[in-house]
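Okay, structure first, notes after.
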Amino acid sequence: MKFLLVGGGAREHAIAKNAAQYYDVYAAVPYVNPGIARLASYKVVDILNPQKVAEYCDDVSPDLVFIGSEESLFHGVSDEIMKRGHVCIGAKKEAAEIERSKAFMRRLLEKNNIHGSLRFKTFTDADTALRYIDEYAGSIAIKPARQAGGKGVKVIADLQAYLKEEKKDAKKKHAEQIMQEHLSQDLEDQILIEERVEGVEYSLQCFTDGSCVIPLPLVQDHPHAFEEDIGPETGGMGAISGRGTLPFIEDSEYKKSLEIMEQSVQSIKTETGEMYCGVITGQFMLTDKWGPTIIEYYARLGDPEAVNVMNILENFDEVCEGYLTGSLAKVKPRIREVATVVKCVSPKGYPNERGTGRGKKLQIDFEEIHNLGAEVFFGSVYQDTGELYTGGSRAVEIYAEADTIVEAGAIAEKATHCVTSDWKLFHRHDIGSQDLLDKRVRTAQLVRDVYQYRGQHGLIGRNIDWIPGIGKIET
Amino acid sequence: MAGILGIYAFEEIWNVSRFLYYGLVAIQTRGEEVSTLAVGNDSAVAKGTADNLDVSPLKGYCGVAGAFTRNEGYYFDDGITVVYDGSIDVSRLVTQIKSGKEVEDCLADLDGAYALLLLKDNVMYAARDPYGIRPLCIGGIGFDMAVISSESSALDVIGAEYSRDIKPGEVVVVDQFYIDSLENKAKQKAVCAFEFVYFSRPDSQVFGKSVHTVRKLIGETLEPHDADAVIGVPETAIPFAMAYASKNGIPVDLGFVRTGRPTRTAIKPTQLERMIGVQLKLNPVRTAVAGKRVVLIDDSVVRGTTLRNTVSLLRRRGAKEVHVRIASPKLIAPCPYGVEVPTKDELIAVDNTEEEISRIVGADSFSYLKVEQLTSLIGMPVCTGCMTGEYPTEQGECCSCQPGSECPVEVSQ
Chain A
1 MKFLLVGGGA
11 REHAIAKNAA
21 QYYDVYAAVP
31 YVNPGIARLA
41 SYKVVDILNP
51 QKVAEYCDDV
61 SPDLVFIGSE
71 ESLFHGVSDE
81 IMKRGHVCIG
91 AKKEAAEIER
101 SKAFMRRLLE
111 KNNIHGSLRF
121 KTFTDADTAL
131 RYIDEYAGSI
141 AIKPARQAGG
151 KGVKVIADLQ
161 AYLKEEKKDA
171 KKKHAEQIMQ
181 EHLSQDLEDQ
191 ILIEERVEGV
201 EYSLQCFTDG
211 SCVIPLPLVQ
221 DHPHAFEEDI
231 GPETGGMGAI
241 SGRGTLPFIE
251 DSEYKKSLEI
261 MEQSVQSIKT
271 ETGEMYCGVI
281 TGQFMLTDKW
291 GPTIIEYYAR
301 LGDPEAVNVM
311 NILENFDEVC
321 EGYLTGSLAK
331 VKPRIREVAT
341 VVKCVSPKGY
351 PNERGTGRGK
361 KLQIDFEEIH
371 NLGAEVFFGS
381 VYQDTGELYT
391 GGSRAVEIYA
401 EADTIVEAGA
411 IAEKATHCVT
421 SDWKLFHRHD
431 IGSQDLLDKR
441 VRTAQLVRDV
451 YQYRGQHGLI
461 GRNIDWIPGI
471 GKIET
Chain B
476 MAGILGIYAF
486 EEIWNVSRFL
496 YYGLVAIQTR
506 GEEVSTLAVG
516 NDSAVAKGTA
526 DNLDVSPLKG
536 YCGVAGAFTR
546 NEGYYFDDGI
556 TVVYDGSIDV
566 SRLVTQIKSG
576 KEVEDCLADL
586 DGAYALLLLK
596 DNVMYAARDP
606 YGIRPLCIGG
616 IGFDMAVISS
626 ESSALDVIGA
636 EYSRDIKPGE
646 VVVVDQFYID
656 SLENKAKQKA
666 VCAFEFVYFS
676 RPDSQVFGKS
686 VHTVRKLIGE
696 TLEPHDADAV
706 IGVPETAIPF
716 AMAYASKNGI
726 PVDLGFVRTG
736 RPTRTAIKPT
746 QLERMIGVQL
756 KLNPVRTAVA
766 GKRVVLIDDS
776 VVRGTTLRNT
786 VSLLRRRGAK
796 EVHVRIASPK
806 LIAPCPYGVE
816 VPTKDELIAV
826 DNTEEEISRI
836 VGADSFSYLK
846 VEQLTSLIGM
856 PVCTGCMTGE
866 YPTEQGECCS
876 CQPGSECPVE
886 VSQ
């Protein structure tokens with residue numbers, strides 16, 4: 001059977017590896033990914049161009065197409081492929097709106113009364129946004145209204161009156177930056193401002209055909225660029241998963257998260273008329289306001305989270321079969337009982353000035369990595385005359401598994417030292433360490449105590465305030 | 476003695492000068508004579524506490540600040556900015572850097588006892604001496620800033636989250652594109668025991684430990700005596716008094732009310748200023764002590780002059796008995812690591828027993844915390860140089876240098 005994959009990053013490398021156990025894998029890639037090249041027949045195509053991808057698809061005539069990259073979905077690649085009669089795991093353009101437009105996502109949750117709504121406001125121009133920031137100086141997240149590969153998001157806690165002016169300044173500068181750097185051509189909304197929440201983040205990745213939602217194990221990504229959760233926000237510097245779960249998320253929280261995702265998938269159908277058929281990932285945070293709270297949705301697997309789950313999903317063929325025969329609801333994913341850790345190695349310059357870290361030669365000691373029991377997945381890396389070069393973003397993702405997260409983390413950590421360059425590379429030593437896990441457990445418990453108190457007092461998800469001269473305001 | 480603070484924002488949309496200002500105000504308890512704040516290539520210096528600094532002209536995304544007990548501990552010139560707590564040969568360090576040696580290497584080789592922050596070419600460096608004598612910790616604000624400070628309370632005040640202590644011998648490099656940790660030659664750890672007794676704020680965590688927790692343990696350990704009230708000398712000795720009182724079942728009372736702004740009298744440079752500070756700070760509450768047997772708790776005794784003043788004040792307000800408990804061991808030797816402990820001939824404990832000191836200050840009984848008690852309560856290897864005359868660095872006996880002057884004895888291995 002033929003399996004055609006669209007996308008060329010570490011996420012697709014991990015999908016290709018799993019699929020290659022069962023299928024002849026073909027890949028439509030934006031550039032040659034050395035890992036995918038080893039596992040699949042591939043063609044370099046513009047993966048954002050539905051016609052071009054569909055043509056390759058017609059040539060290959062695959063039994064099943066899997067779209068890894070969100071931008072392909074946003075551009076309607078899935079729609080075109082299906083139009084031509086292929087079976088495709090990948091949301092249609094309208095359904096993928098759940099990721100592309102953060103305003104669409106917030107409105108969907110609000111309108112359908114789905115647990116975890118956050119107050120938000122959208123702006124189509126800079127002036128209105130700046131005026132709003134001037135008047136409403138609170139703790140907020142400022143985001144480009146259109147998904148921009150995770151870039152352009154700024155979360156500012158505004159809790160000290162004596163630092164308010166500085167924060168207001170930074171918020172305004174950031175909003176202006178969004179208008180300059182992330183101006184969306186295909187959406188009217190440009191800036192989204194939402195209330196800031198804090199807590200512990202986790203990802204829940206699911207397969208869905210629009211009616212059933214099949215969950216994969218919880219994974220936690222690490223968005224801070226540097227050790228100890230310091231540094232600018234990245235697409236993720238590594239991810240962990242325990243034996244099917246995370247040590248700081250309770251079962252009831254997991255169930256609530258899944259329920260939120262099931263309701264969201266249903267609502268997409270009500271809202272757009274499209275059955276959501278593909279992958280959906282909930283980027284959650286355990287917050288004191290709601291408990292499990294959706295921060296963002298992805299219309300595809302996470303990166304690096306895909307690397308964690310695709311390495312332990314033992315019956316991917318049955319999942320694919322479920323999509324082919326319309327029997328996804330009957331599929332139970334079989335997950336290998338191990339803990340997994342992924343660490344991303346990035347060139348200096350990432351994430352804020354990716355250009356500076358591009359085109360740097362990389363050396364990888366594959367044999368040593370293999371001996372350590374770890375594995376390399378290729379991200380932003382290209383090959384030229386037999387040598388590997390960085391593309392500026394996260395270059396490689398090192399995967400390791402063991403009985404515990406800490407053991408897997410130690411293996412992955414050793415293996416990162418087998419990736420070297422004359423250019424400075426960095427990764428996070430602390431991902432998968434006991435100290436960081438303990439910190440997550442403590443933070444989660446603090447948040448849990450508050451949201452459970454709110455739950456017991458009928459305050460979950462509510463804002464109650466009393467303003468002198470105005471009185472009580474409840475939302 | 477100094478408090479130091481450095482802030483590095485990863486994006487240029489931030490101006491960190493006011494963050495530095497408020498963070499420095501939080502740790503101005505560590506130095507009230509001179510305050511400095513430098514952002515980019517601009518800097519401000521003020522005589523007195525940090526709140527005297529005018530930071531409005533300063534703008535930039537990275538900077539360092541310091542609060543000092545004397546006009547020493549900072550350097551800014553030629554694009555190099557240094558603030559440090561401890562004792563180092565700063566001109567030698569700057570000369571090395573100017574000669575082209577990598578900053579990381581200069582810091583790795585730097586002798587002395589110090590916590591240090593250095594800014595050059597928009598890169599921030601933080602370093603602790605190999606013994607870890609002076610404290611330094613790191614944290615972050617969201618996705619926006621890295622913050623490095625002598626005490627964690629400065630992080631709290633500006634909304635940063637504490638991550639960890641900088642390790643003894645470690646050099647941390649903070650750049651827009653990376654944070655590097657270079658671990659060098661750590662020696663047998665010896666953290667400054669006096670941080671727990673006096674220097675640090677009780678809401679801080681230093682050397683990975685809560686200061687308040689250690690102070691309460693000290694209070695519980697001080698020699699018990701039957702009494703009607705326990706009072707602490709503000710501000711530092713209040714937690715000792717609370718713990719002593721609850722442990723011994725004696726009511727704690729409000730012994731003194733302060734006049735004027737809070738100051739730290741023990742680190743004032745002259746005897747007159749210390750006396751003024753203590754007298755202003757200590758107006759006894761008559762009904763708290765009159766007709767009572769009082770246990771008076773103070774954090775330390777250096778010369779004994781202010782304590783003598785305090786005890787006699789309590790007697791004049793009608794205290795029947797005054798039993799003095801000191802929450803630190805005897806101070807008998809100078810500190811070669813930058814803390815202003817005076818020369819031996821100015822230290823009352825050098826040639827007086829507890830009994831003799833009791834008579835000098837006019838107390839009914841008098842006792843110190845024992846060195847072994849303090850070290851076991853802190854529970855990690857400590858430097859008790861000022862209490863024992865034994866120093867962790869291999870220089871042996873220290874000189875009897877004058878307070879405020881450079882220590883002529885090289886602190887080296």
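Going down the list, the protein sequences come from chains A and B. Under our numbering, the residue at position 93 of the first sequence is numbered 93, and the numbers go up by one with no gaps. Under our numbering, the residue at position 237 of the second sequence is numbered 712, and the numbers go up by one with no gaps. Beta carbons are placed, not taken as given, at the ideal position from N, Cα and C, and that holds for glycine.
| Check | Outcome |
| --- | --- |
| Same chain, Cβ closer than 8 Å to Gly871/B, neighbours up to 5 away in sequence not counted | Bear in mind that the predicted position of Gly871/B carries a pLDDT of just 45, short of 50, making it unreliable; the figure below should be weighed with that in mind. Result list for Gly871/B: empty, nothing under 8 Å. |
| Environment of Glu885/B [buried if 16+ CB atoms lie within 10 Å] | Unreliable positioning characterises Glu885/B in this predicted model, as indicated by a pLDDT of 39, which lies under 50. The coordinate reading is nonetheless provided below. So Glu885/B counts as exposed. |
| Sequence-distant residues of its chain with Cβ nearer than 8 Å to Val857/B (five each side left out) | Ala665, Val666, Cys667, Ala668, Leu849 and Thr850 |
| Three-state secondary structure (DSSP) of His174/A | helix |
| Short CB-CB distance (under 8 Å) between Gly617/B and chain A | yes |
| DSSP state of Glu387/A mapped onto helix, strand, coil | strand |
| Closest residue to Ile464/A among Gln456/A, Gly458/A, Thr475/A and Glu233/A (Cα-Cα distance) | Thr475/A |
| Contact with chain B by Lys102/A, beta-carbon distance below 8 Å | no |
| Proximal chain B residues relative to Phe426/A, where beta-carbon distance stays under 9 Å | Phe652, Tyr653, Ile654 and Asp655 |
| Cβ neighbours of Tyr589/B in the same chain (closer than 6 Å, five flanking residues each side left out) | Tyr559, Gly561, Ile563, Asp604 and Arg609 |
| Nonlocal neighbours in the same chain, by C-beta distance under 8 Å from Thr859/B, ignoring five residues either side | Ala668, Pro804, Val846, Leu849, Thr850 and Glu865 |
| Sequence ranges, alpha helix (DSSP H) only - wholly within the segment 698–772 of chain B, length at least 4 | 713–723, 746–756 and 761–764 |
| Thr688/B: first and last residue of the uninterrupted alpha helix (DSSP H) it sits in | Val686 to Thr696 |
| Beta-carbon proximity check, Val65/A vs Cys88/A, cutoff 8 Å | yes |
| Outcome for Asp221/A when other beta-carbon atoms lying within 10 angstroms are tallied against a minimum of 16 | buried |
| Interfacial residues, the segment 503–534 of chain B to chain A, with Cβ spacing under 8 Å | none |
| Any chain A beta carbon closer than 8 Å to Phe494/B | yes |
| Rounded Cβ spacing between Pro643/B and Gly614/B (contact assumed at less than 8 Å) | Between Gly614/B and Pro643/B the Cβ distance is about 19 Å, and since that is not below 8 Å, they are no contact. |
| Beta-carbon neighbours of Phe682/B, restricted to chain A and to distances below 9 Å | Correct list: empty, because the minimum Cβ distance to chain A is about 16 Å. |
| Collapsed DSSP secondary structure at Gln363/A in the structure displayed | strand |
| Sequence-distant residues of the same chain with beta carbon closer than 6 Å to Ala20/A, five excluded per side | Leu39 |
| His457/A in three-state terms, based on DSSP | coil |
| The segment 729–744 of chain B in contact with the segment 687–701 of chain B per 3-pair CB rule at 8 Å | no |
| Assigned exposure category for Asn546/B - 16 Cβ within 10 Å defines buried | exposed |
| Test: Gln888/B CB closer than 8 Å to a CB of chain A | Residue confidence is low: Gln888/B scores 29 on pLDDT, short of 50, so the model does not pin down where it sits. No coordinate-derived value is stated. |
| Run of the alpha helix (DSSP H) containing Ala810/B, from where it starts to where it stops | The amino acid at residue 810/B is misidentified as Ala; the sequence shows Cys. Cys810/B -> no alpha helix (DSSP H), and no H or E assigned at all. |
| Residues that Val155/A contacts on chain E, provided the C-beta gap is smaller than 9 Å | Of the chains in the structure shown, none is chain E; the protein chains are A and B. |
| Every unbroken alpha helix (DSSP H) inside the segment 65–118 of chain A [4 residues or more] | 70–74, 77–83, 97–100 and 102–111 |
| Run of the beta strand (DSSP E) containing Ile502/B, from where it starts to where it stops | Unbroken run through Ile502/B: none, as it is neither H nor E. |
| Interface flag, Phe485/B vs chain A, CB-CB below 8 Å | yes |
| Min CB distance Gln160/A to chain B below 8 Å | yes |
| Residues that Lys173/A contacts on chain B, provided the C-beta gap is smaller than 7 Å | Ile488 |
| Tyr843/B (DSSP reduced to helix, strand or coil) | strand |
| C-alpha gap between Cys876/B and Pro809/B, whole angstroms | Note that Cys876/B scores a pLDDT of 44, beneath 50, so its modelled location is shaky; the value from the coordinates is reported in the next line. The alpha-carbon atoms of Cys876/B and Pro809/B are separated by roughly 8 Å. |
| Beta-carbon contacts of Leu593/B that lie in its chain and below 6 Å, excluding the five residues immediately before and after | Val557 and Tyr600 |
| Contact residues within the segment 224–246 of chain A, judged by C-beta distance below 7 Å to chain B | His224, Phe226, Glu227, Glu228, Asp229, Ile230, Gly231, Pro232 and Glu233 |
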